[in-house]
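Asker: This is the structure, below, for whatever I ask next.
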Amino acid sequence: MVTGFTQKESAFAVTQDGFYGEFGGAFIPEMLYANVEEIRRKYMEIMGDTQFQTEFRDLLKHYVGRPSPLYRADNLSKLLGFTVYLKREDLNHTGAHKINNTIGQILLARRLGKKRIIAETGAGQHGVATATVCALAGLECVVYMGAVDIERQAPNVARMKMLGAKVIPAESGSKTLKDATNEAIRDWINHAENTHYIIGSAIGPHPYPDMVPRFQSVISEEIQWQLQEQTGRDYPDYVIACVGGGSNAAGAFYHYLDDQRVKLVLAEAAGKGIDSGHSAATSILGSKGIIHGCMTLLMQNEDGQIMEPYSLSAGLDYPGIGPLHAHLIRTGRAEVHPATDDEAMDAVIQLARTEGIIPALETAHALAVLRLNAGPDAVAVLCLSGRGDKDLNTYLTYIEQHKIEL
Amino acid sequence: MQTIRESILKKGRDVLNIYFTAGYPGPEDTVEIIRLLEAHGADLIELGMPYSDPLADGQTIQRSSEKALKNGMNIRKLFSQVAQAVNTTSIPVIMMGYYNQMLQYGAESFVLDASAAGIRGMIIPDLPMEIFEQEYQSLFESCGMEISFLVTPLTSEERIRKAADLSSAFLYVVSQSAITGQQGAFSEDQIRYFQRIESMHLSTPVLIGFGIHNAETRAIACRHAHGVIIGSAFIRALEAEGSLEDKVENFMQSIR
Ligand SMILES: Cc1ncc(COP(=O)(O)O)c(C=O)c1O
Chain V
1 MVTGFTQKES AFAVTQDGFY GEFGGAFIPE MLYANVEEIR RKYMEIMGDT
51 QFQTEFRDLL KHYVGRPSPL YRADNLSKLL GFTVYLKRED LNHTGAHKIN
101 NTIGQILLAR RLGKKRIIAE TGAGQHGVAT ATVCALAGLE CVVYMGAVDI
151 ERQAPNVARM KMLGAKVIPA ESGSKTLKDA TNEAIRDWIN HAENTHYIIG
201 SAIGPHPYPD MVPRFQSVIS EEIQWQLQEQ TGRDYPDYVI ACVGGGSNAA
251 GAFYHYLDDQ RVKLVLAEAA GKGIDSGHSA ATSILGSKGI IHGCMTLLMQ
301 NEDGQIMEPY SLSAGLDYPG IGPLHAHLIR TGRAEVHPAT DDEAMDAVIQ
351 LARTEGIIPA LETAHALAVL RLNAGPDAVA VLCLSGRGDK DLNTYLTYIE
401 QHKIEL
Chain H
407 MQTIRESILK KGRDVLNIYF TAGYPGPEDT VEIIRLLEAH GADLIELGMP
457 YSDPLADGQT IQRSSEKALK NGMNIRKLFS QVAQAVNTTS IPVIMMGYYN
507 QMLQYGAESF VLDASAAGIR GMIIPDLPME IFEQEYQSLF ESCGMEISFL
557 VTPLTSEERI RKAADLSSAF LYVVSQSAIT GQQGAFSEDQ IRYFQRIESM
607 HLSTPVLIGF GIHNAETRAI ACRHAHGVII GSAFIRALEA EGSLEDKVEN
657 FMQSIR
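Residue numbers (our numbering), protein chains in the order written: chain V, 1 to 406; chain H, 407 to 662.
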């Protein structure tokens, strides 16, 4: 049974016209209407099809390597004083949770008869995951990536190229994820008929903020039975995830959204500090508005100009947040904690040394907010969204600059 | 005073709507450019509110927006420049911008202040028709603010009719499924699409925009509609060296 794929009763389910409370919707120019409307009309039916689900499940199992382990991190638990499980999305093929969504969307694109795939990417993980499924499906792949991110995530750029994708630098604005997304949307406008846009996070016009979490919901579905097996209880006290646009967090929260016993914790990137002027802490610095086709929280000035965010982590360097998360935050269902570049880097080194796992820099923000005020009996599940190979350059440079003794 | 719609219908053909970004090339050029455009034969002015993330725009308009923002252009300034311009201008000024700009200003004050400044119409490409109907139509009507919605070659006939009905100024026919700034000749598909819209005999006047960049594309489009909207090509002309006067005059000559 693929629970994320069926419309279940949930206080946090999307409405007919694509809203989560006051957030969501599809605020797009007419040039995108036909494409977005086609997906909106068809996605639930396609995803509900048994054949589709079988293909999706088979690929997740035999190609991606799911289920990903749920690992009880005893050394880390001892340090923190409560039990921590790591949901090992870093062990997926391509090294992050992103592939859960790209597998789903490539199957969808095929059923929509699309011949060409585009994607945006920040850290390059979504770009790699998209290039991978395009190679698998034999479809043309174009990935937009900010010029700054092309520099700082070079290994992923090389991987995308090896996989046969064309990587196009986005040179506008801050040359990061927001700008790559703008370019991808413009490409989609220019190639509306033959192209499917695989958005990599829980952002964009409806139905993407609903569809992407459904594909990612395999994460919390597995957490449920894995926890049951290991602890005799199918829910934790806390689920913790980092949030860029919010796809790994949405996937990790999905089956617990309505379970008030489970506290949902988001970590967002504070960059050099909330008040430093170099931050991507959207929930604190943001206000309600429209970015990339949806109503959500975003960083903007009083004239509605979108501000350029900053984070050392390319995957969290985004001025918005998915509308589901804006709703979870504004209704108090989820709490958000900021983590700075420095705190994230400390967490990288700590996890490497205590558990022998080098996490992605994005994930490290979740690890950095793990000092919860929890009792010794508490059980926390942290979504280890990706592995750190892509960030080695950044890590080594940081370690050198800060004269950290290894 | 004539409405935008009435003025288009009165002229009937070859209506020329010129777009440029407020605050470009210089922060205080807006008023002068409007004056020059009118003097050289423009029938309507479409004034762009520069935006940080103009999704529907190609590089030319992106560049002009970026420059205008660097020049310190903002919405209040734009209103006051229009208020100044309309003292000496008789052709209607329409404002084009993105919905987030309207929301952050406060949607109601935005429309009322724009109207008070003398702005007569609006084009907000990412404002869904359904939301306009539910939330803003009566506000627009109450202050005589006209609006135009966009249609593209992929818009269904039913939706074209709806957009035409809701467009109190004119229907904005986007010439192809593409962002602004394309520079090719029209394809047969595009001509067939113009003919398809013509044959719908809409009561709303029709202007064709996107990709009109020279006398030829203008003339062809004018055969199938009440007129055209030219944007990127004019911005490119403004990018050149020379006085505003010369640039506007030369450009208006070039599209004759
Ligand atoms: C490993 C990893 N985690 C998290 C993210 C953030 O994205 P999201 O918030 O959609 O999970 C990224 C994005 O690039 C990533 O690569």
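Every residue gets a Cβ at the ideal spot worked out from N, C-alpha and C, and that includes glycine. This one's a predicted model, so the numbers in the text were calculated from it and none came from an experiment.
#1: With a threshold of 6 angstroms (Cβ to nearest heavy atom), would S174 (chain V) be considered close to ligand 1?
#2: Can you name the residues that DSSP bridges to T436 (chain H)?
#3: If you follow the beta strand (DSSP E) that I240 (chain V) is in, where does it begin and where does it stop?
#4: Below 8 angstroms on the Cβ atoms is my guess for H327 (chain V) versus F23 (chain V); work out the distance and round it to an integer in Å.
#5: Pull the bridge partners of F19 (chain V) from the DSSP assignment, please.
#6: Should P29 (chain V) be flagged as near chain H, meaning a C-beta pair shorter than 7 angstroms?
#7: Can you give me, in chain order, the residues of the region 585-602 of chain H that have a beta carbon less than 7 angstroms from any beta carbon in chain V?
#8: Output needed for D210 (chain V): all residues of its chain with C-beta closer than 6 angstroms, excluding positions within five of it in sequence on either side, in chain order.
#9: In its own chain, which residues sit with a C-beta less than 6 angstroms from the C-beta of A523 (chain H), not counting the 5 before and 5 after it?
#10: Using only the alpha-carbon positions, how far apart do G587 (chain H) and R482 (chain H) sit?
#11: Whose C-beta lies closer than 6 angstroms to the C-beta of P169 (chain V) among residues of the same chain, with five residues either side of it excluded?
#12: Is it buried or exposed for A621 (chain H), if we count other Cβ within 10 angstroms and need 16 for buried?
#13: Apart from the five residues just before and just after K98 (chain V), which ones in its own chain have a Cβ nearer than 7 angstroms to its Cβ?
#14: Indicate whether M160 (chain V) and A131 (chain V) have their beta-carbon atoms separated by less than 7 angstroms.
#15: Comparing the CB of N92 (chain V) with every heavy atom of ligand 1, is any distance shorter than 6 angstroms?
#16: Label S583 (chain H) either buried or exposed according to how many other C-beta atoms from any shown protein chain fall within 10 Å of its C-beta, with 16 as the threshold for buried.
#17: Mind listing the chain H neighbours of D303 (chain V)? Cutoff is C-beta to C-beta under 8 angstroms, in chain order.
#18: Using 7 angstroms as the limit for Cβ to Cβ distance, is T397 (chain V) near chain H?
#19: With a threshold of 16 other CB atoms inside 10 Å of the CB of K403 (chain V), please say whether the residue is buried or exposed.
#20: Below 7 angstroms between beta carbons: does that hold for A281 (chain V) and I274 (chain V)?
#21: State the DSSP-derived secondary structure class of V14 (chain V), mapped to helix, strand or coil.
#22: Cβ atoms of S68 (chain V) and D258 (chain V): under 7 angstroms apart, would you say?
#23: Within the continuous alpha helix (DSSP H) that includes H422 (chain V), where are the two ends?
#24: Keeping to the same chain, check which residues put their C-beta closer than 8 angstroms to that of M1 (chain V); ignore five residues upstream and five downstream.
#25: Can you give me the start and stop residues for the alpha helix (DSSP H) that I641 (chain H) sits inside?
#26: Since I387 (chain V) sits in a beta bridge, which residues does DSSP pair it with?
#27: Around the Cβ of M407 (chain H), are there at least 16 other Cβ atoms within 10 angstroms (buried) or fewer (exposed)?
#28: How many angstroms separate the CA atom of G512 (chain H) from the CA atom of S287 (chain V)?
#29: Flag Q224 (chain V) as yes when its Cβ comes closer than 6 angstroms to any non-hydrogen atom of ligand 1, and as no otherwise.
#30: Does DSSP classify C628 (chain H) as helix, strand or coil?
#31: For K476 (chain H), which residues of its own chain have a beta-carbon under 7 angstroms away from its beta-carbon, when the five flanking residues on both sides are left out?
#32: Taking the Cβ atom as the reference point for each residue, do L450 (chain H) and I525 (chain H) lie within a distance shorter than 7 angstroms?
#33: To test your reading of the DSSP string, which unbroken alpha helix (DSSP H) runs of 4 or more residues are found completely within the region 40-113 of chain V?
#34: Compute the Euclidean distance between the alpha carbons of A249 (chain V) and G315 (chain V), then round it to the nearest angstrom.
#35: Given a cut-off of 7 angstroms on the beta-carbon distance, is the pair K114 (chain V) and H191 (chain V) in contact?
#36: Among V:L361, V:I28, V:K175 and V:Q226, which has the Cα closest to the Cα of I203 (chain V)?
Answerer: A quick look at the data gives this:
#1: no
#2: None; T436 (chain H) has no bridge partner.
#3: Y238 to C242
#4: 5 angstroms
#5: V:G24
#6: yes
#7: I585
#8: V14
#9: Here A523 (chain H) has F485, V488 and A489 as same chain residues with Cβ atoms under 6 angstroms from its own Cβ, once five neighbours each way along the sequence are excluded.
#10: 27 angstroms
#11: Non-local C-beta neighbours of P169 (chain V) in its own chain, meaning closer than 6 angstroms and more than five positions away in sequence, comprise A147 and I150, ordered along the chain.
#12: exposed
#13: Q125, H126, A129 and G200
#14: yes
#15: False, no ligand heavy atom lies under 6 angstroms from that Cβ.
#16: buried
#17: N480, I481, Q507, Q510 and Y511
#18: no
#19: exposed
#20: yes
#21: Note: V14 (chain V) maps to coil in three-state DSSP.
#22: Against a cut-off of 7 angstroms, the Cβ pair of S68 (chain V) and D258 (chain V) comes out as no contact.
#23: Look at the range of chain V in this structure, 1 to 406, and you will see that residue 422 (chain V) is not part of it.
#24: Here the model assigns M1 (chain V) a pLDDT of 42, short of 50, so the residue's position is not dependable and the matter cannot be decided.
#25: S638 to E645
#26: A small fix is needed here, since residue 387 (chain V) is Arg in this sequence, not Ile. For R387 (chain V), which the question treats as bridged, DSSP gives the partners V:P359.
#27: exposed
#28: 13 angstroms
#29: Q224 (chain V) Cβ: outside cutoff for every heavy atom of ligand 1.
#30: helix
#31: none
#32: no
#33: 50-58, 74-80 and 98-111
#34: A249 (chain V) and G315 (chain V): Cα-Cα distance of roughly 13 angstroms.
#35: no
#36: V:I28
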